[in-house]
Amino acid sequence: MSAQVSEDTIEEVRKSNDIVDVIGDYIQLKKQGRNYFGLCPFHGEKTPSFSVTQDKQIFHCFGCGKGGNVLTFIMEIEGYTFSEALKFLAERSGIEVPEAIQNPGASLSQENQNILDASEWVAKLYHHVLRYTKNGEDGYHYLRERGITDETIRTFQLGFAPNVKDFTAEFLAKKGFHQQHLAKAGLISVNDDNTLVDNFQGRVIFPIRNHLGKTIAFGGRTLFEQDPKYLNSPQNDLFHKGKILYNFDLAKKQIRKQAEAVLFEGYMDVIAAHQAGVENAVATLGTSLTESQARLLRRYVDTVVICYDADAAGTDAAYKASETLRKAGCHVKIANLTENMDPDDYITEYGAESFRQNVIASSMTFTSFYMQYLKRDFNLSVESDRIQYIENVLKHLATIDSAVEREYYLKEVSEAYSVSMDSLLNEIQANREKMGLDKDKKSRNSYTSKGENKNRSEKLRPAFHNAERQLIAYMLQDASIAEKVREDIGASFTIEDHKVIITYLYAYYEEGYQPDVSSFLEMLPDSRLKEMVTEIAMIPVHEAITTSEINDYVRVIRSEQSNKQDIQSLKTEQKLAEQQNDPIKAAEIAMQMIEIQRRWRL
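Those letters in the sequence shown? Residues -7 to 594, by the working numbering.
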């Protein structure tokens, strides 16, 4: 455990942060039995293999193998040092931050920390200018004319950069920031004559924050004759447009609560929607939705509503975003926006209630959207185009697993184009067979299948290996079992990592600690051992185990030790037989070793 912070402090912080609550801030968790499952945030997957055990306060991914306690998770997900993770969790739970971790060793480089600090200062500066100074009146009037209230301006920390070429540069210079860092952050530009120019001058400012609410970049909308109309900060180590969603930090709680995210194209759409009561709103940053952004949304919710402009370009973008989201495993719906309107305009014309009920709540399914979208490629007054259109629709419907849902849309096609249901059903069946969709599949219940895979892997290991793992699982939850094993065989396990683990476990109990896997993990020196312990701790065990059952595990381990000694002895005899030119005896000894090794695998 940490040498700088007392063990009592570490335990207080750890126990004050329930692992399900903390991890639930990063991924959508669903309870299945005693555990919670979700999509692993550490590797790409479409079915959940990430398990969180609340009673043991640990997590483990059966896919990539990562595991640990709540501190381990924060270190992994945020790239934090141990001290930074401890400080983060202490502040999260309202515990007074110990002096020893007030200024933890930073995981960020000094340059990136300076950029982060400068961005925070600039966000406050631009917001102050907008709300309280004459220089910000143009920006304030623009937002008020767009129907944005003072409360919303405050919530989003909207600001204005005065139309003065060195306003920001001078402000930050007085704060001691180096112009090189400011240029890298995209806040200023340096001319050939070394004069400084503010990049966002004359623009309404939209601070862009990361998932923790830290300002990492800016978007700016010009109010004067400037190109481009919208300007984003350049990408750097802290800011990757393809990985960030605007307003995600404010929206994520509502996204989890409503089990749905609403995706927009721009800042103003999100802000207007939020003000209209759609608080689970996020947006891309001037680019098409990326796979990374889609995976981020999928970790939080199953369903995403796309609310893009209802013109040709917006419809194309919505289709493209739908495909990206569906590939990530999301259930997609398309907002029912009036043709040729954008979300902000709709809210202005029809009001917040109508937007919530008639646009968002009345969203159409992706299939309904796709059937309409596909019509643009065909002249349905021409017979050959109608047939081709129907064939394309059927190929999509064939991918739907639900027979009820398939039939619902097939009836729509049948009635619209006077094609019999029998013909359509036959075509669907043929398509599904071509796609291999009607073959026997493994259960789609990922929780069950993961458990089955885990059990199979247990059986594939040699008996002594499984015996050691099972015994460690019991030792982790019962100090008396650990003491009995220690008296019987000490650290004489066969697997080297197991020897290391139980040596630490014996020491843990000797120091007077009670069984607590999450706490024990802090004693282990490296992440590999922590992952192994969390995997073992996930093994199902009986609440009560008899002395006879413990003795059985010990007997298997002792037998393995005996077999190893027998093999070593036979190898010596075989080498001697070979030296004495006795090939028959050497072969007999080899057969004995093969038989012993065969028994190992049983």
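Ideal Cβ placement from N, Cα and C applies to all residues, glycine included.
Have a look at the options and flag the residue whose alpha-carbon is nearest the alpha-carbon of residue i.
i	options	result
A209	I263, Q149 and Q267	Q149
E143	D308, P154 and R123	R123
N384	V270, M363, Y338 and D393	M363
M427	H388, K403 and L402	H388
D430	I326, D393, N9 and G212	D393
A529	G60, V5, N183 and R290	G60
V114	F240, E252 and Q193	Q193
S101	D261, D10, Y72 and L164	Y72
D334	E425, F256 and L452	F256
E397	T357, D414 and Y381	T357
L329	L242, R520, A177 and Q349	Q349
K522	E37, F65 and E70	F65
I242	G258, L281, F216 and R201	Checking the sequence, you will find Leu at residue 242 rather than Ile. Answer by Cα proximity: R201.
Y158	D261, T187, G131 and E137	First, the amino acid is wrong: residue 158 is Asp here, not Tyr. Minimum Cα distance to D158 is reached at T187.
S540	V477, A153 and S280	V477
I352	T214, V324 and T282	V324
A161	A286, Y118 and L135	Y118
D377	Q285, Y401, Y409 and I537	Y409
I339	T279, A305 and G269	G269
L215	G131, N423 and A265	G131
S511	P33, Q421, I15 and K48	K48
I197	L204, D185 and A153	A153
Based on DSSP bridge pairs, tell me the residues matched to residue i.
i	result
E252	T295
K235	In the DSSP output, where bridge partners are listed per residue, K235 has none listed.
N224	G211
N423	Its beta-bridge partners do not exist; DSSP assigns none.
F152	V196
H52	S43 and G59
Q24	N27
R201	T207
L188	V182
A275	Y238 and F256
Ordered along the chain, which non-local residues of its own chain (more than five positions away) have a Cβ less than 8 angstroms from that of residue i?
i	result
T440	Any answer about T440 is weak, because its pLDDT of 43 lies below 50 and its placement is not dependable; what the coordinates show is given next. Here the set comprises nothing.
E475	Y501
D109	F169
F485	E460, K491, I494 and I549
S43	N27, Y28, F29, F51, H52, C53, F54, K442 and M530
I586	none
Using C-beta distances below 6 angstroms, list every residue in its chain close to residue i, excluding the 5 sequence neighbours before and after it, in chain order.
i	result
E628	With the chain represented from -7 up to 594, any question about residue 628 goes unanswered, as that position is not in the structure.
A459	Y545, V548 and I549
P40	F29, G30, L31 and S438
I473	Y466 and M467
F361	I326
D303	N332
Q469	P507
S284	G234 and K235
Short of 7 angstroms in beta carbon distance, which residues of its chain neighbour residue i, apart from the five on each side in sequence? Order them along the chain.
i	result
S181	A175, V189 and N191
K481	Looking at the sequence shown, residue 481 is not Lys but Ile. Hits under 7 angstroms: V546, I549 and R550.
V89	K79, A82 and E83
A310	I298, Y300 and I326
A(-5)	No answer about A(-5) holds up, because its pLDDT of 47 lies below 50 and its placement is not dependable.
A483	K491, I494 and T495
L230	N104, I107, L108 and I208
G36	R287
I87	E4, V5 and S8
Regarding residue i and the ligand PLP, is the C-beta to nearest heavy atom distance less than 7 angstroms?
i	result
Y342	Of the ligands one can find in the structure shown there are none, so the ligand PLP has no counterpart to examine.
Segments assigned alpha helix (DSSP H), at least 4 residues, entirely inside the stretch 364 to 408: 375 to 389
Segment contact flag, the stretch 306 to 322 with the stretch 290 to 298, C-beta cutoff 8 angstroms, min 3 pairs: yes
Contact the stretch 512 to 524 vs the stretch 490 to 498: 3+ CB pairs below 8 angstroms: yes
Cβ contact (3+ pairs, closer than 8 angstroms) linking the stretch 481 to 492 and the stretch 454 to 469: yes
Inter-stretch contact (C-beta, 8 angstroms, three-pair minimum) for the stretch 220 to 230 and the stretch 242 to 256: no
At least three beta-carbon pairs within less than 8 angstroms, the stretch 20 to 27 to the stretch 268 to 286: no
Completely contained beta strand (DSSP E) runs for the stretch 285 to 361, where each covers 3 or more residues: 295 to 298 and 323 to 326
Completely contained alpha helix (DSSP H) runs for the stretch 500 to 530, where each covers 4 or more residues: 509 to 512 and 519 to 529
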